[in-house]
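There are 2 protein chains.
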Amino acid sequence: MVNAVGRELPEKVGSYVVKPYTGIHKEAQTSAPVCSRRRPDPSPRRQSKRMPDLKAAILASGLKDGMTISFHHSFREGDKIVGQVLTAISELGIKGLCFAPSAVVNIKNPSIVDFVKDGTINRIQASGIRGELGDAVLQDLKLAEPVILRPHGARPHAIETGALSIDVAFIGASSADEMGNCTGQTGPNSCGALGYSFIDAVMAEKVVVITDNIVPYPCVPISIAQNYVDFVVQVDEIGDPDKIGAGAARLTKNPRDLLIAQRAADAIAASRLFKDDYSFQTGAGAISIACTNFLAQHTKEAGIQASFALGGMTANIVEMFDEGLVRTILCSQSFDAVAARAFSKSPQIIEIDNSMYSNMYNKSCVLDRLNFGVLGALEVDVDFNINILTGSNGEMMSGIGGGPDVADGADISIVTLPVIRGRTPSIVNRVFTCCTPGTSVAMVVTEAGIALNPAHKNYQMLKEDLSAAGLKLVTIEYLRDLAYSLTGIPKPIETTDEVVCIVEYRDGTVIDVIRRIKTDKIE
Amino acid sequence: MVNAVGRELPEKVGSYVVKPYTGIHKEAQTSAPVCSRRRPDPSPRRQSKRMPDLKAAILASGLKDGMTISFHHSFREGDKIVGQVLTAISELGIKGLCFAPSAVVNIKNPSIVDFVKDGTINRIQASGIRGELGDAVLQDLKLAEPVILRPHGARPHAIETGALSIDVAFIGASSADEMGNCTGQTGPNSCGALGYSFIDAVMAEKVVVITDNIVPYPCVPISIAQNYVDFVVQVDEIGDPDKIGAGAARLTKNPRDLLIAQRAADAIAASRLFKDDYSFQTGAGAISIACTNFLAQHTKEAGIQASFALGGMTANIVEMFDEGLVRTILCSQSFDAVAARAFSKSPQIIEIDNSMYSNMYNKSCVLDRLNFGVLGALEVDVDFNINILTGSNGEMMSGIGGGPDVADGADISIVTLPVIRGRTPSIVNRVFTCCTPGTSVAMVVTEAGIALNPAHKNYQMLKEDLSAAGLKLVTIEYLRDLAYSLTGIPKPIETTDEVVCIVEYRDGTVIDVIRRIKTDKIE
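First to last, the protein sequences are chains A and B. Counting from 1 along the first sequence, just add 40 to a position and that's the residue number in my numbering. Counting from 1 along the second sequence, just add 40 to a position and that's the residue number in my numbering.
Set out below in structure tokens:
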């Protein structure tokens, strides 16, 4: 079958029944009430929940072969939780687990691939599997089921419907007390918001909090409360503070990227929606961070204040707050140390649950109220479909993140990317992997001009506003032609028929699949 | 059958199957996972959730005959939500509802009794039904089922197991935005913590937020988040600020009560558990508030700091915080205007969910960590059983509140009461209504001395500590004899066989029932 973004899909992949993407908000499933795996615990727990070590906690949690475990990715490249837990599980001889973090962080010695090879893990569900794991999955790594990749907004829904049913959630926290109250906002290895863990804490059957900083009871602030926590384990180190922010890029000096960032900010400022109480999410890519700075300048010049900044936070959004350019920060994750520690500045800087942030199946989520969302992409095609997962050779380059959610939720979603990267065109006829449907993308901003999407709901408004501001508007085909003129038309990536990754959209339907790359084609 | 506190119980009352209380923590039911009534909503909600008026919201909620509705009691005697909502429902002709607030607040013109009489309500579940409603229930008011009274800690469990299944929760908030983010901490009719509403918001099928203060999006702080809210209604007035704190008594000048309060504080200070990082809950009764002041003095003299104060907050606990005598305030409800507005002072003053506070079926609740709990009572008997519900003529005097939870959870639970009130003895052979089993009560403090409970787990420790401090220890029988010598032995209250109220214990078992009073016996 073929879905609404023209992707050929099998009807079933392993045990996964494919529900094809049928268009924005066309999905209208009958929904059962939200049920957790958490059981009322009939005996009061007055004593400490501390366990002597990870193995003791894992055994006490009842983890068995074939179960599902989860983690958050808030320690990013500095994470030392996942490796320690998987090592302990592996040493206990527990096999065949489904590994379901909010996103896979790259760990080394051993790596996730090693835990697949030794049989500890045989299934993976995450928002991304970039790096060694992704490459291995696309090449020759054997898993029992295809990897399921979901945007941030789809994960809470998958958990709430039981599509992803977590037996044991392992939650790293930079401070915790012995009863399990915990936070990422304090402690030597502070990672900031734990927004991706809230749903795991509430919905999983068992919850293990792992910290290197036990504090006197009660741990304050309380990001995750003791009533959701079964066990607490103290380890030597949960993360490397120097690397906790390292997954996110820092301010670029690349003139091309700065130009793109400036253009994106100019496009925002040109919109009639750029007025007092506007809202935005810019993200943590190099261009995004630069864009935030230009947006701050525009906001100051216009003498206005944003009502809220949303999602992943960076130091320069906190600066905007300090300067009175943003009234509220609703933060689901912290991309750097400044953002991680900003919560104590003001009650207007709030840690929010990822489900509140991005789950479209809630009674409402915050990103559906966004005015402006700035997104990165690896490729965009002439239908404005976005690929944020796979690179020029089909290799796994990134995670889906919240991009598909933000693109759809924001009034104006702005994809920022250069026309070419190295010898690779970014604007193409057809993206290799479709993560975000083009109809949800308002514009593509490049160093060679801005392409508005005629199929976007706000096209007319944007055309008027951006034209009036004298911004350089081009067609998406012009950008593609420019890219191809510089790089030539790339040869198609050759794949086998075997589906190794399923790519879900924010509504839980399948927007694309990723097939195994013919091995000799990987460079 | 007879339960573990010697109460004769029927096996069934209406459709309610009686599970008798069998002793502290003897209940070990097999528990199903926690399931809510909330359904994943398949369509993103970008637009305002505001409805023009209460009737429109009630109709949109799908409320129908026979369903269950809930409210919180945080506006206490100043509440103007319950009356407006019930009036609108009544005018819409919806009948036979189960009225299930966290506690019944007294409203007038019309009263709850009027809504029972007109058929709008035919069942009631709450922590208390004091006043006109309680009197009517005990006398001649006809309900379809007996009233179920539960302590605060049992309500979340009843909701999580489906024993109390809420169709529509009406949540009053002193500030809200148009998407449903709301709080009781700000606005002209601030009531403080909304701790009793969190479970309703998360578990009910539909949630209606009612406010008189719509604020720009996003409402901050966010006590209840938009992802749980279906509709927002603005009304002229949600409460009377002068009366919001009026349900709680103020500092007493009664020398007898001051003496009891001083004794209770002295008993705490004499305990070996009174040391740095101790914890306490004192409550809002007249004696309790005075006790807090004496406790503050002891804490200052000892040069120590409490780790946390818990539960319902009063101005003088906030004063203790300001003086550095308490490190953290974990507040589930605010008893006065000072406490209601204290959250903005410091991140160490936290609004907490009632389930986190008191539900023993959680993975742990905070009150099971308490060192000292000070409780009020109407009657205590020689087995230390507590009656906090019914007065000398069997009339409904108060609600159960969190007393049974605190008595069991605290290391040392202290009941404060005078030996007699008017012509009524407070220390008796057998309480008319048993709300809290005596085995969970450590001591009774009166103006005539302190009676330690030999059956309490910490009896030996307390006996040593209080003796060493030279406090006046007496037996509970001595106090009873003293009371009876002053009042005579009261005649038993005569009842019919008809059970009109079921009194649940914190574990969900039935600790007592209240039978209909023979009408000619009510004064």
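Glycine residues also receive a C-beta, built at the ideal position from the N, C-alpha and C atoms. Nothing here was measured: the structure is a model prediction, and the numbers come from that model.
**OP:** Work out the CA separation of proline 82/A and histidine 65/B for me, nearest whole Å.
**Re:** 8 angstroms
Subject >> Minimum Cβ-Cβ distance from methionine 396/B to chain A less than 8 angstroms >> reply: yes
Original post:
Relative to chain A, which residues along the stretch 74-92 of chain B have a C-beta separation below 8 angstroms, given in chain order?
Top reply: Val74, Cys75, Ser76, Arg77, Arg78, Arg79, Pro80, Asp81, Pro82, Ser83, Pro84, Arg85, Arg86, Lys89
**OP:** Take the Cβ of threonine 559/A as the centre, count every other Cβ of all protein chains shown within 10 Å, and call the residue buried at 16 or more, exposed below.
**Re:** exposed
**OP:** Count the other CB atoms, across all protein chains shown, that sit within 10 Å of the CB of methionine 360/B; report buried if there are 16 or more and exposed otherwise.
**Re:** buried
**OP:** Rounded to whole angstroms, what's the CA-CA distance from valine 543/B to valine 122/A? Just pull it up for me.
**Re:** 48 angstroms
**OP:** Say whether the stretch 404-423 of chain A touches the stretch 478-498 of chain A, bearing in mind that this needs 3 or more beta-carbon pairs closer than 8 angstroms, one atom from each stretch.
**Re:** yes
Original post:
Does DSSP classify leucine 137/B as helix, strand or coil?
Top reply: strand
Original post:
Does any CB atom of chain A fall closer than 8 angstroms to the CB of phenylalanine 412/B?
Top reply: no
**OP:** Ignore the nearest five residues each way along the sequence and tell me which others in glycine 439/A's own chain have a CB closer than 8 angstroms to its CB.
**Re:** Ala143, Val144, Ala166, Ser167, Gly168, Ile169, Arg170, Leu189, Ile428, Leu429
Original post:
For glycine 5/B, which three-state DSSP category applies?
Top reply: Chain B is shown from 41 up to 563; residue 5/B falls before or after that span and cannot be answered.
Subject >> chain B within 8 angstroms of lysine 52/A, Cβ atoms only >> reply: no
**OP:** Kindly say whether glutamate 200/B, judged by its beta-carbon, lies nearer than 8 angstroms to any beta-carbon of chain A.
**Re:** yes
**OP:** Determine the DSSP secondary structure at glycine 442/B, reduced to helix, strand or coil.
**Re:** coil
Subject >> Beta-ladder partner(s) of valine 485/B, from DSSP >> reply: Thr456/B, Ile490/B
Subject >> Rounded C-alpha distance that separates isoleucine 98/A from alanine 128/A >> reply: 8 angstroms
**OP:** Following the continuous alpha helix (DSSP H) through glycine 351/A, name the residue where it begins and the one where it ends.
**Re:** No alpha helix (DSSP H) contains glycine 351/A, which is instead part of the beta strand (DSSP E) from 346-353.
Subject >> Entirely enclosed alpha helix (DSSP H) segments - the stretch 91-149 of chain B, minimum 4 residues >> reply: 94-101, 121-131
**OP:** Whole angstroms is fine: what's the gap from lysine 135/B's alpha carbon to histidine 192/B's?
**Re:** 27 angstroms
Original post:
Which chain B residues are close to isoleucine 262/A, counting only those with a beta carbon under 7 angstroms from its beta carbon?
Top reply: Ile390
Original post:
Helix, strand or coil for valine 436/A per DSSP?
Top reply: The displayed chain sequence assigns methionine, not valine, to residue 436/A. If DSSP states are grouped into helix, strand and coil, methionine 436/A belongs with the strands.
Subject >> Residues sharing a beta bridge with serine 374/A, DSSP >> reply: Met353/A
Subject >> Amino acids of chain A, ordered along the chain, whose beta-carbon sits closer than 8 angstroms to that of arginine 409/B >> reply: Arg86, Met219, Tyr257
Original post:
Exposed or buried, serine 507/B, counting other C-beta atoms within 10 Å across all chains shown (16 or more means buried)?
Top reply: exposed
Original post:
On the premise that aspartate 445/A lies in contact with leucine 407/A, defined as a C-beta separation below 8 angstroms, what is that separation, rounded to the nearest angstrom?
Top reply: 6 angstroms
Original post:
Does DSSP put tyrosine 56/A in a helix, a strand or coil?
Top reply: strand
Original post:
In three-state terms, what does DSSP make of glutamine 165/B?
Top reply: strand
Subject >> Whether phenylalanine 271/A touches alanine 100/A by CB criterion (8 angstroms) >> reply: yes
Subject >> chain A within 8 angstroms of lysine 157/B, Cβ atoms only >> reply: no
Subject >> Buried versus exposed, by CB contacts within 10 Å (16 or more), glutamate 277/A >> reply: exposed
**OP:** Report the option in Tyr236/B, Leu519/B, Val74/B whose CA atom is closest to the CA atom of glycine 565/B.
**Re:** The shown model of chain B, from 41 to 563, leaves out residue 565/B, and the question about it has no answer.
Subject >> Between the CA atoms of proline 477/B and phenylalanine 424/B - distance to the nearest angstrom >> reply: 7 angstroms
**OP:** Just the chain A side, please: which residues come within less than 7 angstroms of proline 444/B by C-beta, in chain order?
**Re:** Going along chain A, no residue has its Cβ under 7 angstroms from proline 444/B, so there is no contact; the nearest lies around 13 angstroms.
Original post:
Pick from Lys497/A, Val358/A, Cys331/A, Leu365/A: whose alpha carbon is nearest that of serine 347/A?
Top reply: Leu365/A
Subject >> Segment limits, beta strand (DSSP E) that includes alanine 209/B >> reply: 208-212
Original post:
So which residues of chain B does phenylalanine 348/A contact, with C-beta pairs closer than 7 angstroms?
Top reply: Pro258
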